[in-house]
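Just so it is clear: in the sequence shown, position 165 is 165 by the UniProt record's numbering, and no numbers are missing.
Every residue gets a Cβ at the ideal spot worked out from N, C-alpha and C, and that includes glycine.
Everything numeric in this text was worked out from a predicted model, so none of it was measured.
For reference, the structure discussed in these notes is given below.
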Amino acid sequence: FAVVSVTLVFFVQERGALGFERHYHVTDPFIRRLGLEAELQGHSGCVNCLEWNEKGDLLASGSDDQHTIVWDPLHHKKLLSMHTGHTANIFSVKFLPHSGDRILITGAADSKVHVHDLTVKETIHMFGDHTNRVKRIATAPMWPNTFWSAAEDGLIRQYDLRENSKRSEVLIDLTEYCGQLVEAKCLTVNPQDNNYLAVGASGPFVRLYDIRMIHNHRKSMKQSPSAGVHTFCDRQKPLPDGAAQYYVAGHLPVKLPDYNNRLRVLVATYVTFSPDGTELLVNMGGEQVYLFDLTYKQRPYTFLLPKKCHTSGEVQNGKTSTNGVSNGIHLHSNGFRLSEGRAHVSPQVELPPYLERIKQQANEAFACQLWTQAIQLYSKAVQKAPNNAMLYGNRAAAYMKRKWDGDHYDALRDCLKAISLNPCHLKAHFRLARCLFELKYVAEALECLDDFKGKFPEQAHSSACDALNRDINAALFSKSDNAEDKKGGGPIRLRATGRKDSISEDEMVLRERSYDYKFRYCGHCNTTTDIKEANFFGSNAQYIVSGSDDGSFFIWEKETTNLVRVLQGDESIVNCLQPHPSYCFLATSGIDPVVRLWNPRPESETLNGRVVVDMEGASQANQRRMNADPLEVMLLNMGYRITGLTSGGAGGSDDEDSSEGQVQCRPS
Numbered sequence: 001f002a003v004v005s006v007t008l009v010f011f012v013q014e015r016g017a018l019g020f021e022r023h024y025h026v027t028d029p030f031i032r033r034l035g036l037e038a039e040l041q042g043h044s045g046c047v048n049c050l051e052w053n054e055k056g057d058l059l060a061s062g063s064d065d066q067h068t069i070v071w072d073p074l075h076h077k078k079l080l081s082m083h084t085g086h087t088a089n090i091f092s093v094k095f096l097p098h099s100g101d102r103i104l105i106t107g108a109a110d111s112k113v114h115v116h117d118l119t120v121k122e123t124i125h126m127f128g129d130h131t132n133r134v135k136r137i138a139t140a141p142m143w144p145n146t147f148w149s150a151a152e153d154g155l156i157r158q159y160d161l162r163e164n165s166k167r168s169e170v171l172i173d174l175t176e177y178c179g180q181l182v183e184a185k186c187l188t189v190n191p192q193d194n195n196y197l198a199v200g201a202s203g204p205f206v207r208l209y210d211i212r213m214i215h216n217h218r219k220s221m222k223q224s225p226s227a228g229v230h231t232f233c234d235r236q237k238p239l240p241d242g243a244a245q246y247y248v249a250g251h252l253p254v255k256l257p258d259y260n261n262r263l264r265v266l267v268a269t270y271v272t273f274s275p276d277g278t279e280l281l282v283n284m285g286g287e288q289v290y291l292f293d294l295t296y297k298q299r300p301y302t303f304l305l306p307k308k309c310h311t312s313g314e315v316q317n318g319k320t321s322t323n324g325v326s327n328g329i330h331l332h333s334n335g336f337r338l339s340e341g342r343a344h345v346s347p348q349v350e351l352p353p354y355l356e357r358i359k360q361q362a363n364e365a366f367a368c369q370l371w372t373q374a375i376q377l378y379s380k381a382v383q384k385a386p387n388n389a390m391l392y393g394n395r396a397a398a399y400m401k402r403k404w405d406g407d408h409y410d411a412l413r414d415c416l417k418a419i420s421l422n423p424c425h426l427k428a429h430f431r432l433a434r435c436l437f438e439l440k441y442v443a444e445a446l447e448c449l450d451d452f453k454g455k456f457p458e459q460a461h462s463s464a465c466d467a468l469n470r471d472i473n474a475a476l477f478s479k480s481d482n483a484e485d486k487k488g489g490g491p492i493r494l495r496a497t498g499r500k501d502s503i504s505e506d507e508m509v510l511r512e513r514s515y516d517y518k519f520r521y522c523g524h525c526n527t528t529t530d531i532k533e534a535n536f537f538g539s540n541a542q543y544i545v546s547g548s549d550d551g552s553f554f555i556w557e558k559e560t561t562n563l564v565r566v567l568q569g570d571e572s573i574v575n576c577l578q579p580h581p582s583y584c585f586l587a588t589s590g591i592d593p594v595v596r597l598w599n600p601r602p603e604s605e606t607l608n609g610r611v612v613v614d615m616e617g618a619s620q621a622n623q624r625r626m627n628a629d630p631l632e633v634m635l636l637n638m639g640y641r642i643t644g645l646t647s648g649g650a651g652g653s654d655d656e657d658s659s660e661g662q663v664q665c666r667p668s
C-alpha cells in the first residue's frame with residue numbers, strides 16, 4: 001500500500017510539473033527576451049525544412065544540397081549527415097512516429113519520397129508515384145507506419161510501410177475538383193484526432209478532410225455488388241458527402257480577380273493545427289496569416305448579388321436562401337435585428353478605469369494617425385471587454401484608415417459586431433456602408449446607405465453621406481458598361497477565373513459552404529517562396545510565429561493579434577520556424593545555409609543586435625512589398641531602390657474619400 005501511495009504521489013507530482021511546464025514554458029517575458037543562441041553550420045544550400053523529434057532532443061534539417069542532417073540542438077552538435085538520394089531540393093523532412101527516431105522521411109523537388117534508416121545511413125524505400133515536386137510530408141502519432149505526401153501534381157498520397165508494395169495510393173485528387181493546374185502545397189494531421197487531414201493548395205481555400213470517411217466510402221464502393229453500374233457517377237463524386245470542409249478568409253475569393261490581374265498569387269504555403277486540435281493556422285501566400293476556429297465555426301460575411309430589401313429588415317448571420325435578407329447581406333454566426341424606424345442611442349456600459357485609459361490611449365494614437373498602434377490598443381481592450389460596441393466601432397475606424405490588405409473586411413466584421421451589441425450605433429451603421437463600397441459590393445453599399453439614412457435622417461445630408469453617395473453612383477455608372485461581368489457564373493465570390501471546366505460542381509458546393517477565419521495576423525510578407533511556415537508557439541498556443549520575405553520572423557499574441565516581437569532571422573528570407581515541443585526554444589532557417597536556434601537570453605546579456613526595433617516600419621514596408629509590381633520586387637531583391645516601393649501609403653489600392661464628415665472621422 002505504501003509503495004502504491006508513493007507511486008501515486010510521484011505520478012501526481014509529475015503531472016503537475018508537466019502542466020506547469022506546458023503553461024509557463026512560453027511567457028511574455030521570455031518572448032521579449034528571445035534572442036539568437038547559436039547557428040548550426042553544415043549545409044551548403046538553403047535549408048528548406050526542419051523537424052523536431054517527439055522528445056525534443058533531436059532536430060532534423062533538409063536542404064537544397066540534397067542532404068539531411070540530424071542535430072543535437074541542445075549541445076549545438078551535428079550527429080549525422082547523409083545524402084538522401086534525391087536529385088533536387090529537399091522540401092520536407094519528418095521522423096516516423098514510434099520508430100525510435102530511427103526512420104526519417106524526405107520529400108523533394110525530384111517528385112520522389114524517400115524513407116531512410118538513420119542507424120545504417122541508408123535509404124530503404126523510394127517512392128516515385130508523384131509527377132511533380134513533393135512539397136510536404138505529414139505523419140500521425142496513432143498511425144505509426146503510415147504517412148502522407150502533398151505534391152504539385154495536385155495529389156495527396158498515403159503510404160503504409162507495413163505493406164510490401166513499393167507504391168502508394170491516392171487519398172485525394174484535387175484535379176478532379178479544380179482542374180489539372182491545381183497544386184497541393186502543404187498538409188498536416190490533427191494531433192488530437194488523427195482522422196482529420198488539412199490540405200493547402202493553389203487559391204485561397206484550405207481543405208479539411210475526414211480520412212476515415214474517405215476510406216470507408218471506398219471500401220463500401222468496392223464491396224457494393226452494383227458498383228459497376230455506378231462507375232461513371234463515382235468518378236464524378238470521388239469523396240463522400242461530409243468528408244470535406246473548406247475554410248477561407250471571407251474577402252479573398254472576391255479579391256482573387258484583382259490579385260490575378262496584378263500577378264499576385266494566393267496559395268496556402270503552410271497549415272498546422274493547434275496543440276489541442278481545435279484551431280487551424282494558415283500562412284496564406286500573397287496575403288496574411290489566418291487562424292480558423294474548428295469548434296465555433298462562422299460563415300464568411302459574404303455579400304452576394306444584390307436583392308431588394310425592405311425599408312427596415314433583418315440582417316441574418318446565416319446565408320441559406322430560406323432566411324431573411326436585408327441589403328443583399330448574407331451573414332453568419334450570431335444574427336441580429338436592425339432597429340426599425342428612427343434610431344435612438346441605447347445606453348452603453350461604462351468601461352472599467354484601466355480599460356478606459358487604454359481606450360483613450362488608442363483614441364490619441366488615432367488622432368496622431370498611428371493606425372496600427374490604435375488598432376493594437378483597441379484589440380487589447382476588446383480582449384478584456386468583448387461586449388463593448390464602442391471598442392469595435394472605434395477599431396473599425398482605425399482599420400478603415402490604415403487600409404492594409406484585408407483591413408476593410410475586418411472593419412466590416414467589427415461594424416457588424418458593434419451593431420449586434422448596439423443596434424443604434426450610428427457610426428458603425430455608416431462605416432458598414434463605406435466598407436461595402438471599399439470591398440466592391442457597390443449595390444449593397446447603396447442599399448445599406450439608404451437604410452442608414454432612413455434610420456438616422458438627421459445624417460442624411462451630411463458631408464460624409466453625400467461623399468459616399470457620389471462615390472457609389474460613380475461606381476454604378478462605370479459598372480453599367482460592364483454588366484456582363486455579373487451575368488452567369490454564380491455568386492461573385494465563387495466564380496472560376498480559369499477555364500470553364502476547371503471547377504467542378506462539387507467544388508462549387510464545398511466553396512459555398514466554407515467557413516471564415518477567427519483571427520488575422522499582419523506584418524510579415526509572403527510572396528517570394530511557397531514553403532513559408534507559420535506556427536503556434538507554446539503548448540497552449542499563446543503566440544503565433546511566421547517567417548517573412550524581409551529576412552525577419554514575426555511573433556504575435558494569439559488572442560489580441562498584436563505584434564510583440566520581430567527578429568532578423570536570415571540575410572534574405574525566413575521560411576521555416578519550428579518551436580521546440582516543451583521549451584521556449586525555436587529553430588529557424590531560410591535562404592542562408594544555416595539553422596538558427598533562439599531562446600530567452602539572460603538579462604545580463606548585451607543588447608540583442610537581431611531585434612527589429614521599428615516593428616511598425618517593418619510591417620508597413622512588407623505591406624508595400626506585397627502590393628508592389630513583381631518586377632519591382634525582383635529589382636528590390638537585386639539591390640535596386642524603387643521610388644514607388646519605398647514611399648507613399650502602405651497596402652492595397654483601395655481609395656477612401658477624405659471628406660468623411662462628422663459620422664466617421666473620429667473614434668468615440
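Nearest-angstrom Cα distance between residue i and residue j?
i	j	result
residue 686	residue 619	Because the chain in this structure spans residues 1 to 668, residue 686 falls outside the shown range and cannot be described.
residue 240	residue 213	7 Å
residue 28	residue 512	40 Å
residue 451	residue 437	14 Å
residue 460	residue 469	10 Å
residue 114	residue 53	18 Å
residue 402	residue 372	7 Å
residue 411	residue 144	45 Å
residue 492	residue 477	Legend: pLDDT at residue 492 = 43, less than 50; position of this residue unreliable, no value from coordinates given.
residue 263	residue 533	22 Å
residue 132	residue 379	43 Å
residue 169	residue 153	14 Å
residue 107	residue 66	10 Å
residue 163	residue 529	36 Å
residue 601	residue 32	9 Å
residue 171	residue 526	29 Å
residue 365	residue 393	15 Å
residue 558	residue 220	42 Å
residue 564	residue 291	17 Å
residue 388	residue 374	16 Å
residue 300	residue 464	28 Å
residue 538	residue 71	22 Å
residue 606	residue 36	12 Å
residue 623	residue 586	26 Å
Among residues of its own chain, excluding the 5 on either side of residue i, which ones have a beta-carbon nearer than 6 Å to its beta-carbon?
i	result
residue 252	204
residue 38	76 and 597
residue 94	51, 105, 137 and 139
residue 297	515
residue 667	363, 366, 394 and 397
residue 544	521, 556 and 558
residue 127	113 and 168
Just to confirm, is the Cβ distance from residue i to residue j under 9 Å?
i	j	result
residue 92	residue 62	yes
residue 129	residue 192	no
residue 550	residue 610	no
residue 593	residue 43	yes
residue 739	residue 103	Nothing can be reported for residue 739, as the shown portion of the chain is limited to 1 through 668.
residue 79	residue 599	no
residue 146	residue 159	yes
residue 242	residue 210	yes
residue 510	residue 259	no
Compute the beta-carbon to beta-carbon distance between residue i and residue j, rounded to the nearest angstrom, for a pair I have assumed lies under 8 Å.
i	j	result
residue 376	residue 562	4 Å
residue 178	residue 150	Between residue 150 and residue 178 the Cβ distance is about 14 Å, and since that is not below 8 Å, they are no contact.
residue 391	residue 397	With 8 Å as the limit, residue 391 and residue 397 do not qualify as a contact, their Cβ atoms being about 11 Å apart.
residue 560	residue 383	5 Å
residue 672	residue 546	Because residue 672 is not part of the residues shown, which for the chain are 1 to 668, the question remains open.
residue 142	residue 194	4 Å
residue 201	residue 182	6 Å
In chain order, what residues of the same chain lie with their CB nearer than 8 Å to the CB of residue i, ignoring the 5 residues before and after it?
i	result
residue 472	437, 442, 445, 446 and 449
Please go through the same chain and pick out, in chain order, the residues whose beta-carbon is closer than 7 Å to the beta-carbon of residue i, but skip the five residues on each side of it.
i	result
residue 575	48, 529, 531, 532, 533, 547, 589 and 590
With a threshold of 9 Å between beta carbons, is residue i in contact with chain B?
i	result
residue 375	The structure shown contains no chain B, having only a single protein chain.
Cβ pair count under 8 Å reaching 3, the region 439 to 448 against the region 416 to 423: no
Touch test, the region 426 to 437 against the region 453 to 467, Cβ-Cβ under 8 Å, three pairs minimum: yes
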